[in-house]
Amino acid sequence: MKHAAERRQVVDLCLALSRKGYFAATGGNLMVRIDDALVAVTPSATDYLTMTPEDVCVLRLRDLARVEGHLRPSVESSLHARVLAARPEVRCSIHTHQPVASACALLGLALDVPPALIGSLGPRVPLAGYAPSGSRWLAGKLARVVSAQANAYLMRNHGVLCCGVDSDAAMRALDDLEQLARTWLSTRIAGEADRRPERREALLRVQASLLANVPHESAVAPAPTPSPSP
Ligand SMILES: [Zn+2]
153 MKHAAERRQV
163 VDLCLALSRK
173 GYFAATGGNL
183 MVRIDDALVA
193 VTPSATDYLT
203 MTPEDVCVLR
213 LRDLARVEGH
223 LRPSVESSLH
233 ARVLAARPEV
243 RCSIHTHQPV
253 ASACALLGLA
263 LDVPPALIGS
273 LGPRVPLAGY
283 APSGSRWLAG
293 KLARVVSAQA
303 NAYLMRNHGV
313 LCCGVDSDAA
323 MRALDDLEQL
333 ARTWLSTRIA
343 GEADRRPERR
353 EALLRVQASL
363 LANVPHESAV
373 APAPTPSPSP
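Using the numbering used here, the first residue of the sequence shown is number 153, and each one after it goes up by one.
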């Protein structure tokens with residue numbers, strides 16, 4: 153199998169993202185740069201828990217022609233390709249519907265980033281306008297807000313995309329974006345609770361549940377070590 157290391161990396165990343173709850177069943181997709189010309193991308197509509205490296209597609213970045221792999225590539229290949237083409241230093245791009253940041257995408261607001269997270273996310277998380285999933289229209293809307301400073305993007309009414317110079321950086325950006333979104337939403341809920349005493353109790357319950365629901369797994373947790381055979 154050609155490009156085995158990158159295709160194995162795509163599988164491992166999908167498993168880690170599934171364990172974190174950022175990928176669910178076939179939702180979410182990612183692209184890893186192989187070299188200047190080629191990328192490895194998740195296949196379309198494939199269960200990530202049973203996917204093998206042979207299932208991972210290798211595409212030519214320039215025109216997304218399939219070079220390796222027997223399955224159809226992700227419908228969001230052009231979304232990732234626009235990021236990798238615009239940012240030659242980026243080696244990994246991940247799109248998820250992760251729960252809290254996607255709620256911010258539904259609210260349709262770009263997020264300012266506190267100093268502690270600027271190294272990972274950049275100074276601002278831009279918002280790309282709405283377009284249907286998998287459309288070149290969506291890829292074009294994202295391309296309009298992609299910049300060398302931003303490693304995290306919200307896509308209106310849809311989800312998020314994070315990228316990085318390697319997969320660790322992209323995974324860290326996903327985690328940092330989720331945490332930023334959690335803090336931002338929690339502050340908004342607290343403000344709303346102060347303004348609406350008649351709903352205060354219910355709003356504070358929502359806030360407590362939001363703050364309690366923090367994933368504990370590290371970004372690239374190793375697979376569990378098998379216990380020794382008896
Ligand atoms: Zn999506």
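Cβ coordinates follow ideal geometry from the N, Cα and C atoms, glycine included. Nothing here was measured: the structure is a model prediction, and the numbers come from that model.
Here the C-alpha atom of Met307 lies approximately 18 Å from the C-alpha atom of Arg239.
About 6 Å separates the CB atoms of Ser229 and Leu211; that is less than 8 Å, so the two are in contact. Boundaries of the alpha helix (DSSP H) around Leu355: Arg352 to Ala364.
Distance from the Cα of Leu190 is smallest, within the candidate group Asp199, Gly221 and Glu350, for Gly221.
Cβ atoms of Leu355 and Ala345 come within 8 Å of each other, at about 4 Å. Under DSSP, Val191 shares a beta bridge with Arg185 and Leu211. At a cut-off of 7 Å, the beta-carbon of Ser285 counts as near ligand 1: some heavy atom of the ligand is closer than that. Annotation for Leu201: Leu167 and Ser170 place their beta carbon closer than 8 Å to its own, counting only its chain and skipping 5 residues before and after.
For Thr204, no alpha helix (DSSP H) encloses it, and the DSSP letter there is neither H nor E.
Relative to ligand 1, Glu330 has its C-beta separated by 7 Å or more from all heavy atoms.
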